[in-house]
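In this note's numbering, the protein residues as written are 94 to 227. Working notes, structure below.
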Ligand code: HEM
C-alpha cells in the first residue's frame with residue numbers, strides 16, 4: 094500500500110467513524126434530560142476527527158506535490174469541514190454558558206439541536222463535495 098493510499102484509508106475511515114459522532118450528537122441533543130456532558134464528549138471526539146480529516150486531506154495534497162489544493166472541490170471541502178467545527182464549537186459554548194447559569198437548560202438544548210443539525214448538514218455536504226468533486 095502506498096503512503097497516499099494509507100492516508101486516504103485513514104481519511105475515509107475517520108469520515109465513517111468520527112463523523113457518525115456528529116449524527117449521534119444530534120440524536121442525543123433531541124432527548125430531554127440527557128446530561129450535557131454526554132453531548133460534549135461526542136462533540137469533542139468529533140472535533141478530533143475533523144482535525145484528522147483536515148490533516149489527512151492536507152497530507153494527500155502533499156503526496157501529490159500540491160496538485161489538489163488548487164481544485165475547487167478541495168477548497169469547498171475544507172470550508173464545510175471548518176463550518177462543521179464552528180457549529181460544534183458554538184454548541185460547546187452554549188453548554189458552558191448553561192453550566193454558568195447564564196442560559197436556561199431547555200433553551201440551551203434547543204440551540205444544541207439546531208447547531209447539531211447544521212453540523213450534520215455540513216458533514217453531508219462535505220461528503221457530496223468529496224465524492225462528486227465539482
Ligand atoms: C467533514 C469533513 C470531510 C469528510 C466527511 C470527507 C469525506 C471524504 C470521503 C468519503 C472521501 C472519499 C471520496 C471517494 O473516494 O469518492 C474523501 C476523499 C478526499 N478528501 Fe475528504 N472529507 C472531509 C474533509 C476533507 C478535507 C478538509 C480535506 C482537505 C484538507 C479533504 C481531502 C480529501 C481528498 C484529497 C480526498 C481524495 C482522496 C482520493 O480519492 O484520492 N477532505 N473525503
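Note that beta-carbon positions come from the ideal geometry of N, C-alpha and C, so glycine has one too.
Under the 10 Å beta carbon count, residue 160 is surrounded by fewer than 16 other beta carbons and is classified as exposed. Exclusion of the five residues before and after residue 101 leaves 153 as the residues of its chain whose Cβ lies within less than 7 angstroms of its Cβ. Residue range 165–192 is occupied by the alpha helix (DSSP H) that includes residue 187. In terms of Cβ geometry, residue 177 and residue 103 do not form a close pair [threshold 8 angstroms].
The continuous alpha helix (DSSP H) containing residue 154 extends over residues 129–156. Rounded to whole angstroms, the separation of the alpha carbons of residue 141 and residue 135 is 10 angstroms. Annotated as distal: residue 133 and residue 182, with beta-carbon spacing of 8 angstroms or more.
In summary, residue 129 is buried, with 16 or more beta-carbon neighbours lying within 10 Å of its beta-carbon over all protein chains present. Cβ contact annotation for residue 145 (same chain, cutoff 6 angstroms, sequence separation greater than five): 107, in chain order.
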